[in-house]
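*Asks:* Going line by line, the protein sequences match chains W and R.
Sequential numbering of the first sequence, starting at 1, is according to my numbering.
Sequential numbering of the second sequence, starting at 187, is according to my numbering.
Idealized CB from N, CA, C, for every residue including glycine.
Got a structure for you, questions after.
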Amino acid sequence: MLYKAVMIGGSAGSFQVVTKILASLPKNYPLPVFLCLHRLKHVRSGFVEALSIKAQLPVEEPNDKDHIKAGKIYLAPANYHMYIELGNKISLSTEEPINHSRPSIDLSFISAAYTYKNKMVGIILSGANKDGAYGLKKVKDSGGLTIVQDPKECQVKTMTTASMKLTQVDHVFSTNQIIDFLLKLN
Amino acid sequence: MVSLQDISKLIATIKSVSRYDFEDYSEKSFQRRVEKILMDNRINVTALIEKIKTNKDFLEKVVKDITVNTTELFRDPEIWTTLKHRILPRYKNNKSIFIWHSGCSSGQEVYSMLILLNEMGLFDKAKVFATDLNTDMLELAKKGVFRYRFNLGYFDNFDKVLRENPYNFEEKIDVPYSKYFDIDKAKDSITMKQFLRDKPIYRKHDLVNDKNIFYSKFDIIFCRNVIIYFNNKLQNKIIELFSNNLYKDGYLVLGAHESILGPVANSFERTKGLYKKKSF
């Protein structure tokens, strides 16, 4: 198998896109999918439930040092940074927010790029700040495959255009194209 | 990114010149802390290692900068609500309650618990101990002065825990902030009341090397979002330390996304995000 993991970062305007993507991923999807999404400061609970409604795969906010399993959706918990460690484990941290963000998309992507090298797919969706742009560059630098949601389709395009400025991304895709692509990884 | 080889070199150097041991820290967050230190000090890793060898004060500063000091008033209100309604009432008839805040950082968790104990009428019975590796943080905790604006978001937590009762929505309890702290908006400060500041005993404690330093067992041990910075091996060692120093039926309170993974998990029963030590 070519890839070992998919990581998706998003902020304002990404919720519906993520929901649609999750609804399309079939049971027994062969890869783990990591979600690093900004949320409103006080929306701490209920997010997993909202994402789970249409998803066929289990969605969870992992505990520190949980083993990573294929076919699971891991949502970075509110108020924690989420790292992917060597040895197929997740670790969490409460270090200070970066670019006002905790979880920081950059940190998750950087750690995943380091761990999975060219065996990962990084996707940046709609969002209102630049978090994620640097992380996606690290994915590309490590040989991973990079995708951004087409800024024309994004509710807020700051995050995707910042990503494209920093990195020669591999694909600029609509939501439907992202879904088709992810299904072919199957 | 600092290479893992350089990280190993750094850890070995620190170990050779002090008793600090970062060998069993979680890789990614440790790496990230080191990068931050390199950036803040504008030096490279080789220079950092050299400076640590010769400059004791610098070493102490680096160790402090490695530790993560995030703490909030009533972080995760659900846990505090559980303590209030389900756990603390059990201690009503005890003569004393021994509490240890391990990794207390700047003390917001300690003050949260003191406030809760006072609301429950358990304040005088409580023996409160609080420890951290970072002595700067312990000094901040003792002072009990926090930034107002930064903490504003956590007043909601205070309200949820102290003014509401999830088991009886109609009940609204009037607990004024001024009972526990003075707010000075111009100075951007919250100052905890003297009686709260006077209560805890603060000590430096290193979870990697030190055992229980208090000659007592505990009814409740808090250690929230501390062991996430350690690998499984060290996590298990520390949970064992806690297990050995809890009274039976005592509680261990971990962070919202921490769990006990090793064989020592069998010594505990998980109830509503808290770990209760089994009686056998």
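For R/Met323, does the count of other Cβ atoms within 10 angstroms reach 16, so buried, or fall short, so exposed?
*Replies:* On the second sequence, position 137 is the one that residue 323 of chain R refers to. Per the 10 Å Cβ criterion, buried.
*Asks:* Hey, is W/Lys65's beta-carbon within less than 8 Å of any beta-carbon in chain R?
*Replies:* Taking the first residue of the first sequence as 1, we reach residue 65 of chain W at position 65. Judged by the 8 Å Cβ criterion, W/Lys65 is in contact with chain R.
*Asks:* Closer than 9 Å, Cβ to any Cβ of chain W: which residues of the stretch 437-460 of chain R, in chain order?
*Replies:* Listed in sequence order: Gly441, Ala442, His443, Glu444, Ser445 and Leu447.
*Asks:* Compare the Cα-Cα distances from R/Thr256 to each of R/Asp318, R/Leu300 and R/Lys281 and report the closest residue.
*Replies:* If you number the second sequence from 1, residue 256 of chain R lands on position 70. If we check each option's Cα against that of R/Thr256, R/Asp318 comes out closest.
*Asks:* Give the DSSP bridge partners of W/Leu185, in chain order.
*Replies:* For this step, residue 185 of chain W is matched to residue 185 along the first sequence. Bridge partners of W/Leu185: none, in fact.
*Asks:* Between the stretch 405-417 of chain R and the stretch 429-436 of chain R, do at least 3 Cβ pairs fall closer than 8 Å?
*Replies:* Yes: the two stretches touch, three or more of their Cβ pairs being nearer than 8 Å.
*Asks:* Against chain W, does R/Val331 count as a neighbour if the rule is that its beta carbon must be under 8 Å from one of theirs?
*Replies:* Translated into the one-based positions of the second sequence, residue 331 of chain R becomes position 145. No, no contact with chain W.
*Asks:* Quick check on R/Ile424 - is its C-beta less than 8 Å from some C-beta in chain W?
*Replies:* Counting from one through the second sequence, the residue named residue 424 of chain R turns up at place 238. It does not; no Cβ of chain W falls within 8 Å.
*Asks:* Compare the C-beta of W/Pro58 with all C-beta atoms of chain R and state if any pair is closer than 8 Å.
*Replies:* As a working mapping, residue 58 of chain W is identified with position 58 in the first sequence. No, W/Pro58 lies away from the interface with chain R (no Cβ there is under 8 Å from its Cβ).
*Asks:* With R/Met225 as the anchor, note down where its beta strand (DSSP E) starts and where it stops.
*Replies:* If you number the second sequence from 1, residue 225 of chain R lands on position 39. Where R/Met225 is concerned, there is no enclosing beta strand (DSSP E), although the alpha helix (DSSP H) it sits in stretches over Glu213 to Asn227.
*Asks:* Give me the chain R residues within the contact set of W/Pro77, using Cβ-Cβ distance strictly less than 8 Å, ordered along the chain.
*Replies:* Counting from 1 along the first sequence, the entry for residue 77 of chain W is found at position 77. Chain R residues near W/Pro77: Ala442 and His443.
*Asks:* Could you tell me which chain R residues have their CB closer than 7 Å to the CB of W/Ser174, listed as they occur along the chain?
*Replies:* For the purposes of this step, residue 174 of chain W is taken as residue 174 along the first sequence, with counting starting at 1. Chain R residues near W/Ser174: none, gap ~33 Å exceeds 7 Å.
*Asks:* Does R/Ile414 come within less than 8 Å of chain W when only Cβ atoms are used?
*Replies:* As a working mapping, residue 414 of chain R is identified with position 228 in the second sequence. R/Ile414 counts as touching chain W.
*Asks:* DSSP three-state call for W/Leu37: helix, strand or coil?
*Replies:* Reading the first sequence from its first residue, position 37 is the one you call residue 37 of chain W. Three-state DSSP puts W/Leu37 in a strand.
*Asks:* For the 8 Å Cβ check, are there 3 or more pairs between the stretch 281-291 of chain R and the stretch 212-231 of chain R?
*Replies:* Taking 8 Å as the limit for Cβ pairs, the verdict is that the stretch 212-231 of chain R does not touch the stretch 281-291 of chain R.
*Asks:* Report yes if the C-beta distance between W/Ser126 and W/Ser14 is below 8 Å; otherwise report no.
*Replies:* Working through the first sequence from its first residue, we reach residue 126 of chain W at position 126. Working through the first sequence from its first residue, we reach residue 14 of chain W at position 14. Against a cut-off of 8 Å, the Cβ pair of W/Ser14 and W/Ser126 comes out as a contact.
*Asks:* Determine whether the beta carbon atoms of W/Ile73 and W/Val121 lie at a separation below 8 Å.
*Replies:* Here residue 73 of chain W corresponds to residue number 73 of the first sequence, with the count starting at 1. Here residue 121 of chain W corresponds to residue number 121 of the first sequence, with the count starting at 1. No. Outside cutoff.
*Asks:* Less than 8 Å between CB atoms is the rule here; does R/Asn411 satisfy it with respect to chain W?
*Replies:* What you label residue 411 of chain R is simply residue 225 of the second sequence in a count that begins at 1. R/Asn411 counts as touching chain W.
*Asks:* Between the alpha carbons of W/Val48 and R/Trp266, how many angstroms are there, rounded?
*Replies:* Here residue 48 of chain W corresponds to residue number 48 of the first sequence, with the count starting at 1. Here residue 266 of chain R corresponds to residue number 80 of the second sequence, with the count starting at 1. Between W/Val48 and R/Trp266, the C-alpha separation is close to 22 Å.
*Asks:* Among W/Leu2, W/Gln168 and W/Arg102, which residue has its Cα nearest to the Cα of W/Thr146?
*Replies:* Within the first sequence, numbered from 1, the residue matching residue 146 of chain W stands at position 146. Of the candidates W/Leu2, W/Gln168 and W/Arg102, the one whose C-alpha sits nearest the C-alpha of W/Thr146 is W/Gln168.
*Asks:* Consider the Cβ of R/Arg218: report whether some Cβ of chain W lies at a distance smaller than 8 Å.
*Replies:* The residue given as residue 218 of chain R occupies position 32 in the second sequence. Closer than 8 Å to some Cβ of chain W, the Cβ of R/Arg218 qualifies, so yes.
*Asks:* Using a beta-carbon distance cut-off of less than 8 Å, what residues from the stretch 209-236 of chain R approach chain W?
*Replies:* The stretch 209-236 of chain R vs chain W, Cβ under 8 Å: Ser212, Glu213, Lys214, Ser215, Arg218 and Arg219.
*Asks:* Mind checking whether R/Gly307 and R/Arg383 have CB atoms under 8 Å apart?
*Replies:* The residue you call residue 307 of chain R lines up with position 121 of the second sequence. The residue you call residue 383 of chain R lines up with position 197 of the second sequence. Cβ distance not < 8 Å, so R/Gly307 and R/Arg383 don't count as in contact.
*Asks:* Taking all protein chains shown into account, decide if W/Lys130 is buried (16 or more other Cβ within 10 angstroms of its Cβ) or exposed.
*Replies:* On the first sequence, residue 130 of chain W is found 130 positions in, with the first residue counted as 1. Classification for W/Lys130: buried.
*Asks:* For R/Leu432, does the three-state DSSP call read helix, strand or coil?
*Replies:* Within the second sequence, numbered from 1, the residue matching residue 432 of chain R stands at position 246. Strand, per DSSP.
*Asks:* Can you name the residues of chain W whose CB is closer than 9 Å to the CB of R/Val254?
*Replies:* Within the second sequence, residue 254 of chain R is the residue found at index 68, counting from 1. Going along chain W in sequence order, the residues near R/Val254 (Cβ under 9 Å) are Ser93, Thr94, Glu95 and Glu96.
*Asks:* Return no unless some Cβ of chain R is closer than 8 Å to the Cβ of W/Glu49.
*Replies:* Stepping through the first sequence from its first residue, residue 49 of chain W is reached at position 49. No - not a single Cβ of chain R is within 8 Å of the one on W/Glu49.
*Asks:* Mapping the DSSP letters down to three states, classify R/Lys419 as helix, strand or coil.
*Replies:* Counted from its first residue, the second sequence places residue 419 of chain R at position 233. Three-state result, R/Lys419: helix.
*Asks:* Curious, which full-length beta strand (DSSP E) runs of at least 3 residues does the stretch 298-331 of chain R contain?
*Replies:* Entirely contained in the stretch 298-331 of chain R, the beta strand (DSSP E) runs reaching 3 residues are, in chain order, 312-318.
*Asks:* Does any C-beta atom of chain R lie closer than 8 Å to the C-beta of W/Glu85?
*Replies:* If you number the first sequence from 1, residue 85 of chain W lands on position 85. So, interface residue.
*Asks:* Leaving out five residues before and five after R/Phe367 in sequence, what residues of the same chain have Cβ atoms less than 7 Å from its Cβ?
*Replies:* Sequence index remark: in the second sequence, residue 367 of chain R carries index 181 (1-based). Around R/Phe367: Ile376, Thr377, Met378 and Lys379.
*Asks:* The beta strand (DSSP E) spanning W/Ala5 covers which residue range?
*Replies:* Position 5 of the first sequence, counting from 1, holds the residue named residue 5 of chain W. Its beta strand (DSSP E) spans residues Ala5 to Gly10.
*Asks:* To the nearest angstrom, how far is it from the Cα of R/Lys346 to the Cα of R/Gly459?
*Replies:* Counting from one through the second sequence, the residue named residue 346 of chain R turns up at place 160. Counting from one through the second sequence, the residue named residue 459 of chain R turns up at place 273. Taking the straight line joining both Cα atoms gives about 17 Å.
*Asks:* My understanding is that W/Leu136 touches W/Phe109, with C-beta atoms under 8 Å, so please give their C-beta distance in whole angstroms.
*Replies:* Within the first sequence, the letter at position 136 stands for residue 136 of chain W. Within the first sequence, the letter at position 109 stands for residue 109 of chain W. With 8 Å as the limit, W/Leu136 and W/Phe109 qualify as a contact, their Cβ atoms being about 6 Å apart.
*Asks:* With a threshold of 8 Å between beta-carbons, can R/Met323 be considered close to chain W, or not?
*Replies:* Numbered from its first residue, the second sequence carries residue 323 of chain R at position 137. Not closer than 8 Å to any Cβ of chain W, the Cβ of R/Met323 fails to qualify, so no.
*Asks:* How many Å lie between R/Tyr415 and R/Lys214 at the Cα?
*Replies:* By one-based count along the second sequence, residue 415 of chain R stands at place 229. By one-based count along the second sequence, residue 214 of chain R stands at place 28. Rounded to whole angstroms, R/Tyr415 to R/Lys214 spans 9 Å at the Cα level.
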